[in-house]
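Trainee: Dropping the structure in here first, questions after.
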Amino acid sequence: MNLRQAKVNLRQERGNNLRESNCVSVSDLRQVKVNLRQAKVNLRQAKVNLRQAKVNLRQVKVNLRQVNRAKVNLRQVKVNERGYGAL
């Protein structure tokens, strides 16, 4: 075998090794599919959670408005009582 043929053989062998190392086993592919399915489920659940969080935030804002209104009313009641006390 001459030098040129040895180089060709070496190059082919390197290519074969690269191809073998790039192979993915069937069980790995199955696991990737399972992980992808689970990721989709998680994403769907995250969207539901986000929607619920938005609803909760809206309710908190409403409650805060009511609390602030009650504070204003209480302040007004105190002012009115003070005014009546002066009579």
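Sequential numbering of the sequence shown, starting at 1, is according to the UniProt record's numbering. By construction, the Cβ of each residue, glycine as well, lies at the ideal position given by its N, Cα and C atoms. Computed from a predicted model, the values in this text were never measured in an experiment.
1) What does the alpha-carbon distance come out to for the pair residue 91 and Val79?
2) According to DSSP, is Asn2 part of a helix, a strand, or is it coil?
3) In angstroms, rounded to a whole number, what distance separates the CA positions of Leu29 and Leu36?
4) Would you identify the three-state DSSP class for Val48, choosing helix, strand or coil?
Mentor: Result, derived from the coordinates:
1) Outside the displayed span of the chain (1 to 87) sits residue 91, for which this structure offers no information.
2) Collapsing the DSSP output to three states places Asn2 in coil.
3) 10 Å
4) Residue state, collapsed to three classes: helix.
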